[in-house]
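The block underneath contains the structure these notes are about, expressed in structure tokens.
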Amino acid sequence: RLLEKLDLASNNLASIPAGISNLVALTELILDNNVIVSVPNELGEVKKLKALSLRNNYIQVKSTSFTDANPQPIPASVFEDTLLIDLNLHGNPMTNTQLNTFEGFDAFLERRKKKKTTALTGGALVSMSVCGLE
Numbered sequence: 186r187l188l189e190k191l192d193l194a195s196n197n198l199a200s201i202p203a204g205i206s207n208l209v210a211l212t213e214l215i216l217d218n219n220v221i222v223s224v225p226n227e228l229g230e231v232k233k234l235k236a237l238s239l240r241n242n243y244i245q246v247k248s249t250s251f252t253d254a255n256p257q258p259i260p261a262s263v264f265e266d267t268l269l270i271d272l273n274l275h276g277n278p279m280t281n282t283q284l285n286t287f288e289g290f291d292a293f294l295e296r297r298k299k300k301k302t303t304a305l306t307g308g309a310l311v312s313m314s315v316c317g318l319e
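Shown next as structure tokens:
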């Protein structure tokens, strides 16, 4: 229960179990190089989550008109209810424009902007590219 970092990269995972919400101390979750198509609502219950990497998976948007039949692949709760500031979606078949339509994404961007701006010291530059997407 006190696990803070979990790396499940390259495990051929098709989904993230709902039980992920039991990892209350988790701050970093790495799920790169799997076959994940969406993230469960329960991930939003991992309140301390700051970094989520889903590089090279299959998260995509068929239509930005999200409904029960076409749910948002990363739920608003992940953006709004966690401390998430680092999200890497590089290599997924979706665009930055599509990601910007996600409910809750604005809250993530605002929190990230505050954190990254605070991290700018001594003239150092921090990449503000959005989640590794074009």
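Heads up, the sequence shown is in the working numbering, so the first residue is 186 and it goes up one at a time. Yeah, the Cβ is synthetic: ideal placement off N, Cα and C, and Gly gets one too.
With a cut-off of 8 angstroms on the beta carbons, I'd call Leu-269 and Lys-232 a contact; round off their distance for me.
On the sequence shown, position 84 is the one that residue 269 refers to. On the sequence shown, position 47 is the one that residue 232 refers to. That belief does not hold up - the Cβ atoms of Leu-269 and Lys-232 are roughly 10 angstroms apart, past 8 angstroms.
Of the residues Glu-295, Leu-284, Lys-299, Glu-288, the one placed nearest Gly-317, counting alpha carbons only:
Position 132 of the sequence shown holds residue 317. The residue with the shortest Cα to Cα distance from Gly-317 is Leu-284.
CA-to-CA distance, Ile-215 to Asp-271, given in whole angstroms
Indexing the sequence shown from 1 puts residue 271 at position 86. Indexing the sequence shown from 1 puts residue 215 at position 30. Cα to Cα, the separation comes out at about 11 angstroms.
For Asn-273, which residues in the same chain have their Cβ closer than 7 angstroms to its Cβ, ignoring the five residues on either side in sequence?
Indexing the sequence shown from 1 puts residue 273 at position 88. Closer than 7 angstroms at the Cβ level, and outside the excluded window around Asn-273, lie Ser-238, Leu-239, Arg-240, Cys-316, Gly-317.
Can you list, in chain order, the residues of its chain whose CB lies under 8 angstroms from that of Asn-255, leaving out five sequence neighbours each side?
For the purposes of this step, residue 255 is taken as the residue at position 70 of the sequence shown. Same-chain partners within the cutoff: Lys-247, Ser-248.
Give me the Cα-Cα distance between Gly-265 and Asp-291, rounded to the nearest whole angstrom.
Your numbering for residue 265 matches position 80 in the sequence shown. Your numbering for residue 291 matches position 106 in the sequence shown. What sits at residue 265 in the sequence shown is Glu, not Gly. Near 9 angstroms, if we compare the C-alpha coordinates of Asp-291 and Glu-265.
Nearest to Ser-206 by CA position, among Leu-228, Gln-257, Ser-223, Leu-193, is which residue?
The count along the sequence shown starts at 1 and reaches residue 206 at position 21. Closest by alpha carbon: Leu-228.
Burial state of Pro-258 (16 or more Cβ within 10 Å)
For the purposes of this step, residue 258 is identified with residue 73 of the sequence shown, where counting begins at 1. Result: buried.
Of the listed residues Asn-226, Pro-260, Gly-276, Gly-204, nearest to Asp-217 (C-alpha basis)
As a position in the sequence shown, residue 217 is number 32, starting the count at 1. Among Asn-226, Pro-260, Gly-276, Gly-204, the Cα nearest to that of Asp-217 is on Gly-276.
Measuring alpha carbon to alpha carbon, tell me which of Leu-294, Arg-296, Lys-190, Thr-282 ends up nearest Val-209.
Taking the sequence shown and counting its residues from 1, one reaches residue 209 at position 24. Residue Lys-190 is the option with its Cα nearest to Val-209.
Would Val-224 be called buried (16 or more neighbouring beta carbons within 10 Å of its own) or exposed?
If you number the sequence shown from 1, residue 224 lands on position 39. Answer is buried; the Cβ neighbour count reaches 16.
Classify Pro-278: buried if its beta carbon has 16 or more other beta carbons within 10 angstroms, exposed otherwise.
Stepping through the sequence shown from its first residue, residue 278 is reached at position 93. Flag for Pro-278 reads exposed.
State buried or exposed for Val-320, treating a residue as buried only when at least 16 other CB atoms are found within 10 Å of its CB.
The requested residue 320 does not occur in the structure, where the chain is confined to residues 186 to 319.
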